[in-house]
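Undergrad:
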Amino acid sequence: MQTRTGIDRRTVFALAGGGFVVLAMPAAAQGSEDARLYQFFEDVFQRDLSRSPMRQSRLGIHTNQDKWDDISEAHEIENAALKRSDLERLHTFAFAKLSAQSQLSYRMFEYLTNDALALFAVRQDDYLISQMGGMHTRVPVILLNSHPIATGADADAYIARLAGVKPLMDVLITRLTAQEAAGVYLPKFCYPLVIEPTQNVITGAPFDASGKDSPLLADFRAKVTGAKFSDADRDALLARANTALLDGVGPGYRTLIAHLEAAQGPATDIAGVWRLPNGDTYYRAMLKHYTTLPVTAKELHQMGLDEVARIQGEMRGIMQQLGFTGTLPQFFDHVRNDPNSYYPDNDAGRAQFVADAKALLAGVLAREDDFLGVKPKADVVVRPVEAWRAKSAAKAFYQSPPEDGSQPGIFYINLYDMKAAPKYELAVELYHEAVPGHHIETELGQEIPGLPRFRKFASIAAYSEGWALYAEGLAKELGLYHDAYQEFGRLSLAMMRAARLVVDTGIHSMKWTRDEAIAYFDANMPATHFDNAREIDRYIVLPGQANAYEVGKNEILKLRAQAQAALGDRFVLKDFHDAVVDNGPLPLPILAENVSAWIAKEKART
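Its first residue numbered -8, the sequence shown is counted upward by one per residue in our numbering.
#1: CA-CA distance, I590 and A554?
#2: Tell me, to the nearest whole angstrom, how far the beta carbon of Y118 is from that of V532; I am working on the premise that it is less than 8 angstroms.
#3: What would DSSP say about A258, mapped onto helix, strand or coil?
#4: According to DSSP, is S93 part of a helix, a strand, or is it coil?
#5: What three-state label does DSSP hand Y454 in the structure shown?
#6: Determine the extent of the alpha helix (DSSP H) in which V345 is found, giving its start and end residues.
#7: Rounded to a whole number of angstroms, what is the C-alpha to C-alpha distance between A7 and D347?
#8: Roughly how many whole angstroms lie between the Cα atoms of D145 and L237?
#9: Just how far apart, CA to CA, sit Q321 and N331?
#10: What number of angstroms, rounded off, separates the C-alpha of S587 from the C-alpha of E593?
#11: According to DSSP, what are the bridge partners of G124?
#12: So, for A18: in the same chain, excluding its five sequence neighbours on each side, which residues have a beta-carbon less than 6 angstroms away from its beta-carbon?
#13: Check whether the region 463 to 473 and the region 418 to 431 are in contact - that is, three or more C-beta pairs closer than 8 angstroms.
#14: If I150 sits next to A235, beta carbons under 8 angstroms apart, how far is it from one beta carbon to the other, in whole angstroms?
#15: Using C-beta distances below 7 angstroms, list every residue in its chain close to N515, excluding the 5 sequence neighbours before and after it, in chain order.
#16: Beta carbon of L89, beta carbon of L28: below 8 angstroms?
#17: Closer than 8 angstroms is the cut-off here; do at least three beta carbon pairs connect the region 51 to 71 with the region 550 to 567?
#18: When the Cα atoms are used, what is the spatial distance from L482 to T216?
#19: Can you check the region 271 to 317 for any beta strand (DSSP E) of at least 3 residues that lies completely inside it and give the ranges in chain order?
#20: Starting from the Cα of P158, find the closest Cα among D77, D60, F100 and H82 and give me that residue.
#21: Excluding the five sequence neighbours on either side, which residues of its own chain have a C-beta within less than 6 angstroms of the C-beta of A537, listed in chain order?
#22: Based on DSSP bridge pairs, tell me the residues matched to I401.
#23: Would you mind giving the Cβ-Cβ distance between V113 and Y333, rounded to the nearest angstrom? I have them listed as a contact below 8 angstroms.
#24: Using a Cβ-Cβ cut-off of 8 angstroms (strictly less than) and excluding sequence neighbours within five positions of I62, which residues of its own chain qualify?
#25: Helix, strand or coil for V365 per DSSP?
#26: Looking only at its own chain, which residues have a Cβ that is under 6 angstroms from the Cβ of Y540, when we skip the five neighbours before and after it?
#27: Could you spell out the range, first to last residue, of the alpha helix (DSSP H) harbouring G143?
#28: What is the DSSP secondary structure of A196, counted as helix, strand or coil?
#29: Roughly how many angstroms lie between the CA atoms of V286 and G559, to the nearest whole one?
#30: Can you tell me which residues form a DSSP beta bridge with D204?
#31: Between which two residues does the alpha helix (DSSP H) containing A381 stretch?
#32: So, does the region 379 to 388 touch the region 430 to 445, judging by three or more C-beta pairs under 8 angstroms?
#33: So T259 and P178 are in contact, right, with Cβ under 8 angstroms, and what is the actual spacing, rounded?
#34: Which of helix, strand or coil does DSSP assign to K467?
#35: The alpha helix (DSSP H) with L59 in it runs from where to where?
#36: What three-state label does DSSP hand A490 in the structure shown?
Here you go:
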């Protein structure tokens, strides 16, 4: 197995004592323009990291784990001013004196900073909170997944964060009120989807007498019980946590719920962001942000229609293979209504789903040498979505491990509604979210030695989602779909990614209603009506994001075809994959340049 050299991330954090890590520039470059630029990147990264305690926690850093982020408008304005200053400083470096890798870092920093400033310019139309995320869910997710308790200081910090929830939510409500004064509301039908998980956080002890702990108290109790505290110290910590929950979390969440309930009144059922004060400008900015290309809503809409028609043809081939003689919609009904398509809706069925996911993961991990030259060091595991957020969470998603390596990557599967988690989609979901999908592209990027950390942790949807969608097809090439129904599941999700282009542009540019978008999914997707509605609601509150998948996948396939045509018999699939993922996430135009350079290098080899 080929691996990258460099200090293991666990060792780095142990040496740093859990504080901020200062990564050293490779010795060969010290004193050079490369070294100066690298130090600039590290200074900016550390500065930005110091301004976000929550990001510190996600990266496994404990320095400010008693604090929440400053989410005020003033803080955002300060961040934008810092970024403008960063661009001025960047342009003082002599680009021609930089190595090729440093030139790439220079261009990436410039791209990402300009992109952040473009988003800042349209921030007032960007929903601060929705059923897909926001501070109402980020608070418990950080505490549950990124706040371990091994010492008294850890427990004190956890309690301080509980107490700090009320002022945090007060700032959020101030921001929401300002948006609403400008006419920016969620669509009315989204409010119950936000309120439900918010209420779940304060359901159970110490907030009511239901007889079970609330999610945060259960988490704190489990963590202090597992740590090395005396009985007396543990009881004292639990008493303090109860007080902080009652004084901080309870009032904060109840105030937020009251605000959301009141905001439903003036909200409307219009789904598209075109209705917002600067909605058209905002949507164009989102399309550019998520695709990294100057593509129009009209072009994306047609791309989606064409791809839907192509996939329908492949689905009809599956029908013939299975001997089904009806129409495609009838086949969808047959699959949806077949009890064999689903796991039992009970604890045993959910346990079997998880067991089958683990078996599929083990199978694809055993095949890594067939499609990768460099493999990630970090492990990946399967977990069901926590019950408190399952109703409104996505069907499946990936959570990357913290930088200190203290936890593995997580492939989350949502088992709230077993009819929304059919057996035939399990394999493709795993290949998309875990291996060879997000776990591969995320971890290989983060494990590159000597790479500036702003690049390791960059978020570029067209790259990451494009790779993950490409990975679904790669799994087919590797023979990892074991029957016609698993292949149908692959096509079902491919159809969803194609239909997303149609409905996202339809909703936000062509003024489709929510019902029209759901009807389009119902007519072209084998998923349940409930599942289709949940997907549409996602696109409504994340305008533009759904377009990243198909656009990114198509670019990777185009680059692969170019490489195969140029290299012929010398084309090696795993080498092409390494060329795609070996520089971390990139905007698609820069990715194309990198792959073209790799092709030229391969052609020049004797």
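Think of the CB as a built atom: it goes at the ideal place given N, C-alpha and C, for glycine as much as any other residue.
TA: Once the coordinates are examined:
#1: One-based indexing of the sequence shown puts residue 590 at position 599. One-based indexing of the sequence shown puts residue 554 at position 563. C-alpha separation (whole angstroms): 6 angstroms.
#2: For this step, residue 118 is matched to residue 127 along the sequence shown. For this step, residue 532 is matched to residue 541 along the sequence shown. Indeed, because the Cβ distance is near 6 angstroms, the residues count as touching under 8 angstroms.
#3: Position 267 of the sequence shown holds residue 258. Residue state, collapsed to three classes: coil.
#4: Looking up residue 93 in the sequence shown gives position 102. Residue state, collapsed to three classes: helix.
#5: In the sequence shown, residue 454 corresponds to position 463, counting from 1. Helix at Y454.
#6: Mapped onto the sequence shown, residue 345 falls at position 354. Here the alpha helix (DSSP H) through V345 covers D338 to L356.
#7: Position 16 of the sequence shown holds residue 7. Position 356 of the sequence shown holds residue 347. Residue confidence is low: A7 scores 33 on pLDDT, short of 50, so the model does not pin down where it sits. Its coordinate-derived value is still stated next. Answer to the nearest angstrom: the Cα atoms are 39 angstroms apart.
#8: By one-based count along the sequence shown, residue 145 stands at place 154. By one-based count along the sequence shown, residue 237 stands at place 246. For D145 and L237, the distance between alpha carbons rounds to 20 angstroms.
#9: Locating residue 321 in the sequence shown gives position 330, counting from the first residue. Locating residue 331 in the sequence shown gives position 340, counting from the first residue. Computed Cα separation, rounded: 17 angstroms.
#10: Here the question's residue 587 lines up with position 596 in the sequence shown. Here the question's residue 593 lines up with position 602 in the sequence shown. So the alpha carbons of these two residues sit roughly 10 angstroms apart.
#11: By 1-based counting over the sequence shown, the position of residue 124 is 133. Answer is S121.
#12: In the sequence shown, counting from the first residue as 1, residue 18 sits at position 27. Annotation note: pLDDT 46 at A18 (below 50); position unreliable, no value reported.
#13: yes
#14: As a working mapping, residue 150 is identified with position 159 in the sequence shown. As a working mapping, residue 235 is identified with position 244 in the sequence shown. Right, their Cβ atoms sit about 5 angstroms apart.
#15: Here residue 515 refers to the residue found at position 524 when the sequence shown is read from its first residue. Excluding residues within five positions, the ones whose Cβ falls inside 7 angstroms are V299, M486 and A490.
#16: Locating residue 89 in the sequence shown gives position 98, counting from the first residue. Locating residue 28 in the sequence shown gives position 37, counting from the first residue. Result yes, Cβ atoms of L89 and L28 sit closer than 8 angstroms.
#17: no
#18: One-based indexing of the sequence shown puts residue 482 at position 491. One-based indexing of the sequence shown puts residue 216 at position 225. Answer to the nearest angstrom: the Cα atoms are 46 angstroms apart.
#19: none
#20: Here residue 158 corresponds to residue number 167 of the sequence shown, with the count starting at 1. The shortest C-alpha separation from P158 is found at D60.
#21: Numbered from 1 along the sequence shown, position 546 holds the residue referred to as residue 537. Closer than 6 angstroms at the Cβ level, and outside the excluded window around A537, lie R491, D495 and Y530.
#22: Along the sequence shown, read from residue 1 onward, the residue named residue 401 stands at position 410. The partner list for I401 (beta bridge, DSSP) reads V372 and Q390.
#23: What you label residue 113 is simply residue 122 of the sequence shown in a count that begins at 1. What you label residue 333 is simply residue 342 of the sequence shown in a count that begins at 1. Not quite, the Cβ-Cβ distance comes to about 42 angstroms (not below 8 angstroms), so this is no contact.
#24: Here residue 62 corresponds to residue number 71 of the sequence shown, with the count starting at 1. Cβ neighbours of I62 beyond the five flanking positions: M126, L159, V162, L163 and R166.
#25: Residue mapping note: residue 365 aligns to position 374 of the sequence shown, counting from 1. V365 falls in the strand class under three-state DSSP.
#26: Along the sequence shown, one-based indexing puts residue 540 at 549. So the list reads E456, L460 and R488, once near-sequence residues are dropped.
#27: Your numbering for residue 143 matches position 152 in the sequence shown. Element bounds for G143: G143 to A154.
#28: Translated into the one-based positions of the sequence shown, residue 196 becomes position 205. Three-state DSSP puts A196 in a strand.
#29: By 1-based counting over the sequence shown, the position of residue 286 is 295. By 1-based counting over the sequence shown, the position of residue 559 is 568. C-alpha separation (whole angstroms): 31 angstroms.
#30: The residue you call residue 204 lines up with position 213 of the sequence shown. According to DSSP, which records beta bridges pairwise, D204 is partnered with A196.
#31: Translated into the one-based positions of the sequence shown, residue 381 becomes position 390. Here A381 belongs to no alpha helix (DSSP H), and DSSP marks it neither H nor E.
#32: no
#33: Indexing the sequence shown from 1 puts residue 259 at position 268. Indexing the sequence shown from 1 puts residue 178 at position 187. Indeed, because the Cβ distance is near 7 angstroms, the residues count as touching under 8 angstroms.
#34: Residue mapping note: residue 467 aligns to position 476 of the sequence shown, counting from 1. In this structure, K467 counts as helix in the three-state DSSP scheme.
#35: Working through the sequence shown from its first residue, we reach residue 59 at position 68. Checking the sequence shown, residue 59 turns out to be Trp, not Leu. Counting along the chain, W59 falls outside any alpha helix (DSSP H), and DSSP gives it neither H nor E.
#36: In the sequence shown, the residue the question calls residue 490 occupies position 499. Here A490 sits in helix by DSSP.
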